[in-house]
Structure formats: structure tokens, C-alpha cells
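Line by line, the protein sequences give chains E, F, G and Y.
For the first sequence, position 104 matches number 104 in this note's numbering, and the numbering has no gaps at all.
For the second sequence, position 136 matches number 136 in this note's numbering, and the numbering has no gaps at all.
For the third sequence, position 71 matches number 71 in this note's numbering, and the numbering has no gaps at all.
For the fourth sequence, position 12 matches number 12 in this note's numbering, and the numbering has no gaps at all.
Since the structure comes first, as C-alpha cells, the remarks are kept for the end.
Protein chains: 4
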Amino acid sequence: MTNDTETDVAWLPEEDMAVTRSRMPIVYVDAVPVRVDSNGNVTEVGMLLRVAPDGNISRTFISGRVLYGERVRDALLRHCEKDLGPLALPRLPVSPAPFTVVEYFPDPDISGFYDPRQHAVSLAYVVPVDGECQPTQKALDLSWFSPQEAVSDAVRQQMTSGHDRLIRLALAHVGQLP
Amino acid sequence: MTNDTETDVAWLPEEDMAVTRSRMPIVYVDAVPVRVDSNGNVTEVGMLLRVAPDGNISRTFISGRVLYGERVRDALLRHCEKDLGPLALPRLPVSPAPFTVVEYFPDPDISGFYDPRQHAVSLAYVVPVDGECQPTQKALDLSWFSPQEAVSDAVRQQMTSGHDRLIRLALAHVGQLP
Amino acid sequence: MTNDTETDVAWLPEEDMAVTRSRMPIVYVDAVPVRVDSNGNVTEVGMLLRVAPDGNISRTFISGRVLYGERVRDALLRHCEKDLGPLALPRLPVSPAPFTVVEYFPDPDISGFYDPRQHAVSLAYVVPVDGECQPTQKALDLSWFSPQEAVSDAVRQQMTSGHDRLIRLALAHVGQLP
Amino acid sequence: MTNDTETDVAWLPEEDMAVTRSRMPIVYVDAVPVRVDSNGNVTEVGMLLRVAPDGNISRTFISGRVLYGERVRDALLRHCEKDLGPLALPRLPVSPAPFTVVEYFPDPDISGFYDPRQHAVSLAYVVPVDGECQPTQKALDLSWFSPQEAVSDAVRQQMTSGHDRLIRLALAHVGQLP
Chain E
1 MTNDTETDVA WLPEEDMAVT RSRMPIVYVD AVPVRVDSNG NVTEVGMLLR VAPDGNISRT
61 FISGRVLYGE RVRDALLRHC EKDLGPLALP RLPVSPAPFT VVEYFPDPDI SGFYDPRQHA
121 VSLAYVVPVD GECQPTQKAL DLSWFSPQEA VSDAVRQQMT SGHDRLIRLA LAHVGQLP
Chain F
1 MTNDTETDVA WLPEEDMAVT RSRMPIVYVD AVPVRVDSNG NVTEVGMLLR VAPDGNISRT
61 FISGRVLYGE RVRDALLRHC EKDLGPLALP RLPVSPAPFT VVEYFPDPDI SGFYDPRQHA
121 VSLAYVVPVD GECQPTQKAL DLSWFSPQEA VSDAVRQQMT SGHDRLIRLA LAHVGQLP
Chain G
1 MTNDTETDVA WLPEEDMAVT RSRMPIVYVD AVPVRVDSNG NVTEVGMLLR VAPDGNISRT
61 FISGRVLYGE RVRDALLRHC EKDLGPLALP RLPVSPAPFT VVEYFPDPDI SGFYDPRQHA
121 VSLAYVVPVD GECQPTQKAL DLSWFSPQEA VSDAVRQQMT SGHDRLIRLA LAHVGQLP
Chain Y
1 MTNDTETDVA WLPEEDMAVT RSRMPIVYVD AVPVRVDSNG NVTEVGMLLR VAPDGNISRT
61 FISGRVLYGE RVRDALLRHC EKDLGPLALP RLPVSPAPFT VVEYFPDPDI SGFYDPRQHA
121 VSLAYVVPVD GECQPTQKAL DLSWFSPQEA VSDAVRQQMT SGHDRLIRLA LAHVGQLP
């Protein structure tokens with residue numbers, strides 16, 4: 001779901017992180033990148049292709065931890081830039097309220113959202129991006145899908161962690177659920 | 001609160017509009033234009049100076065009717081462009097849900113929002129604008145205020161129709177109410 | 001979608017209403033009645049069986065006009081009581097902001113929400129009901145469905161006006177879209 | 001802001017909790033208890049009187065941690081019952097999305113929300129309560145205030161941690177900010 005190892009090292013040893021992950025819910029942000037037309041209608045949804053926490057290659061969204069001392073907005077921007085590159089020009093929402101809260105558990109049956117490493121409570125946002133996106137770090141690819149394609153069986157089969165449900169929640173929020 | 005006379009004429013005679021206004025709630029949109037920083041924090045709020053429906057010169061927001069057959073988004077964009085000029089580059093929100101619903105009544109005591117001409121039910125949105133704004137039509141001026149200034153007594157005394165309350169609702173929504 | 005004829009008669013002659021409906025968007029409220037458990041999770045969705053505006057018998061939600069001078073909340077309560085009976089004990093939401101805005105047009109292709117009689121802009125709310133519901137007026141039946149059943153093909157085929165989409169938007173809003 | 005020591009002990013030693021609190025943001029929920037009329041209008045806001053994290057006696061809201069493996073809803077209900085007693089009958093919101101996100105920091109200047117013990121990211125909800133409330137545990141008192149009283153100088157001076165701002169955000173969300 002994320003790849004935040006590199007940012008953690010400096011401030012929390014991996015072993016401590018592992019201990020914490022087994023005892024505390026972790027604060028996360030999820031971002032669904034979208035293209036919008038001049039009226040604000042969502043026309044396309046961006047999905048990354050990468051190695052999921054469970055080892056499979058899958059379509060996924062931007063997702064990552066909020067660090068100690070970091071504002072939620074700063075974490076959201078940091079993860080967007082990390083995954084979409086420095087020229088993406090993400091438009092962070094003006095309201096701090098997420099459109100939904102995603103609860104990831106090591107047990108996939110609790111909420112339907114799954115992360116084998118941890119219990120994460122994630123604030124989910126839809127983020128329009130205007131600029132050039134280039135997949136960075138561990139992302140293998142970034143592709144754009146129409147709302148219809150994004151909820152199609154073909155794409156949903158490429159998604160894990162419950163992200164095939166998150167995309168539908170996001171599209172419902174923007175009034176574009178097919 | 002608005003100046004939609006010119007767009008009405010072609011399709012609904014003024015006398016019919018007057019009759020309708022006395023019998024039906026009218027669908028409106030309100031837009032609070034804001035400047036945001038790269039993190040999405042609202043840094044400034046834009047307010048128009050113009051002649052309010054009650055005849056006073058006052059600070060106010062973008063406000064206007066949704067026409068027959070018109071999408072809410074299209075109305076929102078139309079009124080933003082009408083009041084801010086063609087180069088304002090308003091960023092319409094991705095969700096169709098307003099942050100609040102403002103109910104204007106000819107009786108100022110019903111809801112605290114007042115319009116002597118009509119009962120209007122208005123969908124209110126916060127709209128970041130990136131471009132150059134130039135007051136158009138009947139607006140005499142457009143000024144930008146920090147959140148602190150926008151809720152100050154000096155500015156509030158220049159506002160009518162309950163817009164001094166609307167600005168606080170908008171700032172609360174974006175987490176910037178001082 | 002609604003049956004508000006009887007409440008209109010007293011204050012707006014049918015012929016005037018017909019003229020207005022052909023010239024102005026009409027302010028509506030839609031309510032999706034739900035049953036919730038003690039944690040606030042939606043467990044069931046209520047749907048009325050009745051004659052839709054297009055003449056077909058269909059599954060639908062609570063829907064109706066906001067009258068001149070009426071608060072949105074009062075309209076929402078009135079329509080809930082009209083359709084669910086006086087013992088339903090609807091729990092109106094504390095926020096005036098709807099979870100989505102439904103735009104009904106006489107042309108079904110504009111937004112996917114259809115009303116042959118009019119252009120209606122409807123504020124949509126999810127309304128938990130605790131009490132005994134009894135279908136009233138023109139509703140033939142009220143049935144409760146689990147979220148899974150509510151989005152099943154069998155139920156969707158009984159829905160018109162785009163309400164098969166509205167139910168999915170409502171379930172997404174409450175985090176229960178299957 | 002909270003008093004969750006007793007629930008922590010069983011599963012995370014105090015010293016480990018202290019270490020974690022110095023390294024990770026902690027997931028919290030805040031609940032603003034309210035009384036509503038039959039139309040859903042907020043008529044009163046409940047505030048607890050208790051010893052705040054900074055040692056002062058202050059007016060505050062329900063606030064507490066989400067535990068490892070616990071759903072956000074379950075945490076919200078648990079903290080409501082802990083602070084309001086078992087007969088309060090809290091009405092948890094149907095949507096998992098909080099109305100705002102409160103970021104508490106040990107440095108009061110970062111966000112205006114302050115907790116000397118930790119960086120907490122708190123999901124804030126307005127929770128109507130119908131039943132009998134009795135302050136429990138470390139709360140010294142529970143009092144109900146009208147929206148006007150709740151934002152008065154007299155009451156605001158009794159609030160710490162930024163909760164005088166949280167009450168205004170909550171009242172704005174429900175359309176009752178005076």
C-alpha cells in the first residue's frame with residue numbers, strides 16, 4: 001500500500017517501527033489522484049502499478065504514513081509528490097475533512113481493507129492533479145482510467161487491499177460512480 | 001446578493017419571475033472565493049463590494065440563480081466568471097455536495113440569512129481561484145482578506161444578508177476559523 | 001419520485017405550477033431511510049414501492065418539494081412523515097449539508113437522474129429511522145433491504161429515475177457500499 | 001484531553017506508550033455531544049469539566065485513543081459511554097467521515113490544538129445523545145450550553161487545548177454558529 005521505509009529510517013529504527021505496528025493503529029493518508037475538466041467534473045482516475053504489501057503486483061492509490069510532528073496536509077503533499085513526481089501539481093482539498101476513513105487491518109475480514117503489516121487508520125482524499133505525472137520510487141507505472149474503466153472487472157481484478165472499493169467510494173463522493 | 005437580471009430576460013419575463021419568486025423557493029449557488037497556498041491552506045478570502053438586494057453597498061460573495069436546464073456546476077462556474085472575470089481560473093470542487101446550505105428568506109428572522117426579494121435555497125461552495133480576478137458587472141470592487149480580517153468587526157459591519165455568518169461557516173469548513 | 005399534489009393545491013394552482021415547472025428548477029429533498037445498529041452502522045435500507053412519475057411501479061426513496069417559506073429541515077421531516085407514517089421517528093442529520101445533490105431533468109441523459117415533469121435540484125440525506133414505519137399515501141409498500149440486496153440486480157431493475165444510482169451513492173457515503 | 005490510562009495498561013506498558021507517544025502520531029477520536037430537537041437542530045452542546053492534560057481544570061469534549069484492532073466507530077462509542085455513562089444513548093453518525101480533523105501537538109503554535117503529551121490526529125464527530133448522561137470516571141461535571149453560551153467568553157475562558165475553537169467548528173458544521 002505504501003513504501004515509506006526510506007523516510008522512516010532517520011527517526012524510528014525498523015525494529016521499533018515493527019513493535020509499534022503490532023501495538024498501535026498507524027495514522028495514514030490515502031489520495032486518489034484525478035483529472036478534472038474546467039467544471040470540476042472528474043474525468044479520469046490515476047492508479048499506480050506496484051508491489052503491494054502482500055507481494056503481489058497490483059493497481060493502487062497513493063498511500064502513506066503521517067510522521068511524528070507532521071501536519072496531515074504536509075503528509076498528503078509529500079506522498080503525492082513522492083508517487084507522482086515533482087511536476088504533478090496536486091491540488092490539495094481546502095477542507096481537512098477526508099471524504100471517508102479507511103481502516104486497514106491485518107485481518108482482511110474486519111473492514112474489507114487489508115494491510116498484512118499493520119492496523120492503519122487512513123484519511124482518504126480525492127486530489128486533482130493538473131501537471132505532468134511520472135511514477136517514481138517503487139511505482140512501476142501510472143495509468144489513467146475513465147470512471148467506467150476504473151470500476152470495470154478488468155481493473156478491479158488488478159486491485160488488492162480493498163482499493164477496488166475505495167475507488168467506488170471516491171467516485172461516489174464526486175458524483176461519478178457509473 | 002446577485003445580479004442575474006440580464007440572464008433571466010431571455011427566458012422568463014420579469015413579471016413572471018416576480019410571481020414565481022413570491023411562490024417558490026429559488027435554487028441558488030453561493031461561492032466563497034479563496035486563495036490557497038501549495039498545501040491547500042486557505043490564506044485569503046475574496047469579497048465583492050456591491051449594491052445588495054436591500055440597496056446598501058456591502059461586502060458580499062458570489063451568488064446567483066441556477067437556471068432551468070442548467071447543471072449546478074455550470075451555474076457555479078458561470079457566476080464565478082461573471083463576478084471574477086474570465087481570467088480567474090476558479091477551481092470548482094470535485095464533490096457536488098455543498099459545505100452548507102444557505103436559506104435566504106424575505107423575513108430576516110427565520111434563518112438569519114436575508115433576501116428581501118425571495119426565498120432562496122443556496123448551495124454554498126468554497127472555490128479556490130488561481131488567476132487574475134477583476135470585478136465585473138455590478139461589482140464595484142474585489143478585495144482579499146486574511147481569515148482574521150475577514151471575521152473582524154470592521155469587515156463584518158460591511159456585510160449584510162447574513163454573509164458575515166457565511167464567511168465564518170466557510171472558514172470553519174476549511175479549518176481556518178480564527 | 002414524489003406525490004406532492006395535495007400539498008400544492010392550497011397555495012399554487014396546478015396550472016401555475018405547471019408553468020413554473022417548465023421554467024425554473026424546483027427545490028427538492030431526497031431522503032434514504034435506513035436502519036442502524038447501536039454503533040451507527042447502516043444495516044438496512046428502506047425503499048418504497050410506488051407509481052413513479054413516468055407511470056411505472058418502482059422502488060424509490062422519499063422525495064418531495066420544499067415549499068415557499070419552508071425550512072429545508074421542515075420539508076425533510078414532512079416528507080419522511082408523509083411517506084413513513086407518524087411513528088417512524090426519523091433522525092434528521094445535524095448538518096444541513098446534503099451528502100450529495102441530485103439533479104433530475106426531463107431529459108434522462110443530462111445527469112442520469114430523470115423526472116419527466118420537471119428540472120429538480122434535490123438535496124439528498126440519509127435518515128436513520130427507529131420507529132414503526134407504515135407506508136402512507138400513494139406508497140404501496142415499504143421494504144427493507146440489506147446493503148447487498150439493495151444494490152443487487154433484482155432490486156435495481158425495480159428502480160427508475162436513477163434511484164439505483166442514488167442508493168449506491170448513499171451506501172458509499174455511509175461506508176457500506178458492497 | 002482524555003483519560004485513557006486505565007484502558008492502555010493491559011496491552012501496552014506505560015513506558016512503551018511513552019516511547020511511542022514521542023515518536024508516532026496517535027489516532028484519536030473527539031466527540032462533541034449535543035441535544036437535538038425533533039427536526040435535527042442542535043439546541044445544546046455538552047461539555048465535561050475535568051483535569052486537562054496540562055493540569056488545569058477545564059471544559060472539554062469527549063476525546064480518546066483508538067486502540068490496536070479497534071474500529072473507529074467502536075472507539076467512538078466506547079469513549080462516549082466512558083464519559084457520559086451507559087444510559088446516554090449516543091447516536092453515532094452514519095458516515096465514517098469526521099466533520100473535521102483535529103491535530104494536537106505538544107507545541108501549541110503548530111495548529112492551535114495542544115496536547116503536552118503527544119501528537120494526536122483526531123477524527124471529530126458531532127454526536128447527538130438522547131438519554132440520561134452522568135459524568136463518569138475523571139469527569140467532574142457535565143453541563144449543557146446553548147450554542148450562544150458555548151461560544152461566549154465566559155465559557156471559552158474555561159476551555160483549553162483549542163477546544164474553544166473545536167466547538168465553533170462543530171457549531172458551524174451543524175449550521176448553528178451564532
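The beta carbon of each residue, even a glycine, is placed where N, CA and C say it ideally should be.
When Cβ atoms are compared, which residues of the region 27-56 of chain E fall closer than 8 Å to chain F? Those residues of the region 27-56 of chain E placed with their C-beta closer than 8 Å to a C-beta in chain F are Val34, Val36, Ser38, Asn39, Gly40, Asn41 and Val42, ordered along the chain.
Indicate the three-state DSSP secondary structure (helix, strand or coil) for His163 of chain Y in the structure shown. In the displayed model, His163 of chain Y falls within a helix according to three-state DSSP.
Quick one: list the residues of chain G neighbouring Leu77 of chain Y, beta-carbon separation under 9 Å, in chain order. The contacting residues are Ser38, Asn39 and Gly40.
List the endpoints of the continuous beta strand (DSSP E) containing Glu44 of chain G. Under the DSSP assignment, Glu44 of chain G falls in the beta strand (DSSP E) whose first and last residues are Val42 to Val51.
Count the other CB atoms, across all protein chains shown, that sit within 10 Å of the CB of Pro96 of chain G; report buried if there are 16 or more and exposed otherwise. Looking at its Cβ environment, which holds 16 or more other Cβ atoms inside 10 Å, Pro96 of chain G is buried.
Flag this pair as yes or no: are the beta carbons of Leu142 of chain E and Leu48 of chain E separated by less than 9 Å? Contact: yes.
Out of E:Val36, E:Val42, E:Phe61 and E:Tyr28, point me to the one whose CA is closest to Thr160 of chain E's CA. Cα-wise, what sits closest to Thr160 of chain E is E:Phe61.
In three-state DSSP terms, what is Val66 of chain E? Residue state, collapsed to three classes: coil.
Assuming Lys138 of chain G and Arg50 of chain G form a contact by the criterion Cβ under 8 Å, report the distance between their Cβ atoms to the nearest whole angstrom. Taking the Cβ atoms as the reference, Lys138 of chain G lies roughly 5 Å from Arg50 of chain G, within the contact range of under 8 Å.
Could you check whether Val127 of chain Y and Pro90 of chain Y sit closer than 9 Å to each other, using their CB atoms as the reference points? When the beta-carbon positions are compared, Pro90 of chain Y and Val127 of chain Y come within less than 9 Å of each other.
Alpha carbons only, please: which of Y:Leu67, Y:Phe99, Y:Val19 and Y:Arg71 is nearest the one belonging to Ala31 of chain Y? Among Y:Leu67, Y:Phe99, Y:Val19 and Y:Arg71, the Cα nearest to that of Ala31 of chain Y belongs to Y:Phe99.
By DSSP, does Thr20 of chain Y sit in helix, in strand, or in coil? Helix, per DSSP.
Using a C-beta cutoff of 9 Å, does Arg71 of chain Y count as contacting chain E? Yes, its Cβ sits closer than 9 Å to a Cβ of chain E.
In this structure, how does DSSP classify Ala75 of chain F when only helix, strand and coil are distinguished? In the structure shown, Ala75 of chain F sits in a helix (DSSP, three-state: H, G or I).
Buried versus exposed, by CB contacts within 10 Å (16 or more), Ala154 of chain E: Its Cβ having fewer than 16 others within 10 Å, Ala154 of chain E is exposed.
Given this structure, state the Cα-to-Cα distance separating Gly197 of chain Y from His119 of chain E, to the nearest angstrom. Nothing can be reported for residue 197 of chain Y: it is not among the residues displayed for chain Y, which extend from 1 to 178.
Given a cut-off of 9 Å, decide if Val42 of chain E and Asp84 of chain E are closer than it, judged by their beta-carbon atoms. One detail in the question is off: residue 84 of chain E reads as Leu in this sequence, not Asp. Remark: C-beta atoms of Leu84 of chain E and Val42 of chain E do not approach each other more closely than 9 Å.
For Gly162 of chain Y, count the other beta carbons within 10 Å of its own beta carbon; 16 or more makes it buried, fewer makes it exposed. Which is it? Gly162 of chain Y is buried by the Cβ-count criterion.
Only counting runs of 3 or more residues, tell me where the beta strand (DSSP E) segments fall wholly within the region 114-156 of chain F, in order along the chain. For the region 114-156 of chain F, the full-length beta strand (DSSP E) segments reaching 3 residues or more read 120-128 and 141-145 along the chain.
Does the beta carbon of Gly175 of chain Y come closer than 9 Å to any beta carbon on chain G? Closer than 9 Å: yes.
Quick check on Arg168 of chain Y: does DSSP put it in helix, strand or coil? Reduced to three states, the DSSP call for Arg168 of chain Y is helix.
Is the separation between the beta-carbon of Gln158 of chain F and that of Arg59 of chain F shorter than 9 Å? Taking 9 Å as the cut-off, the beta carbon of Gln158 of chain F is found closer than this to the beta carbon of Arg59 of chain F.
Tell me the rounded alpha-carbon separation between Phe113 of chain F and Val101 of chain Y. Rounded to the nearest whole angstrom, the C-alpha separation of Phe113 of chain F and Val101 of chain Y is 28 Å.
Where Gln148 of chain Y falls, given that 16 or more other Cβ within 10 Å makes a residue buried: Taking all protein chains shown into account, Gln148 of chain Y has fewer than 16 neighbouring C-beta atoms within 10 Å of its C-beta and is therefore exposed.
Do His173 of chain Y and Ala124 of chain F have their C-beta atoms closer together than 9 Å? In this structure, Ala124 of chain F does not lie closer than 9 Å to His173 of chain Y by Cβ.
Closest by CA to Asp164 of chain Y, which one among Y:Gly46, Y:Ala88, Y:Pro25 and Y:Asp74? Ranking Y:Gly46, Y:Ala88, Y:Pro25 and Y:Asp74 by Cα distance to Asp164 of chain Y puts Y:Gly46 first.
Among G:Ile110, G:Asn39, G:Arg156 and G:Tyr28, nearest to Ile57 of chain G - alpha-carbon criterion: Considering only alpha carbons, the answer is G:Arg156.
Using a Cβ-Cβ cut-off of 9 Å, state whether Val121 of chain Y counts as contacting chain E. For Val121 of chain Y, the answer is yes, since a Cβ of chain E falls inside 9 Å of its Cβ.
From the DSSP output, read off the bridge partner residues of Ser58 of chain G. Its beta-bridge partners are G:Arg50.
In whole angstroms, give me the CA-to-CA distance for Cys80 of chain G and Asp74 of chain G. Spanning the alpha carbons of Cys80 of chain G and Asp74 of chain G requires a straight line of approximately 10 Å.
Strand pairing of Asp37 of chain Y, partner residues [DSSP]: Partner(s): none; Asp37 of chain Y has no beta bridge.
Are Val29 of chain Y and Pro25 of chain E closer than 9 Å when you measure CB to CB? With contacts defined as CB atoms closer than 9 Å, Val29 of chain Y and Pro25 of chain E fail to qualify as a contacting pair.
Where do the N-terminal and C-terminal ends of the beta strand (DSSP E) with Phe105 of chain F fall, by residue? Phe105 of chain F -> beta strand (DSSP E) spans Thr100 to Phe105.
Taking 7 Å as the limit between beta carbons, can you name the residues of its chain near Leu92 of chain F, skipping five residues before and five after? Within the same chain, Leu92 of chain F has close Cβ partners Arg73, Leu76, Leu77 and Val127.
Are the CB atoms of Leu177 of chain G and Leu169 of chain E nearer to each other than 9 Å? Against a cut-off of 9 Å, the Cβ pair of Leu169 of chain E and Leu177 of chain G comes out as a contact.
What does Pro90 of chain Y pair with, by DSSP beta-bridge criteria? Residue pairing of Pro90 of chain Y in beta bridges, as defined by DSSP: Y:Val129.
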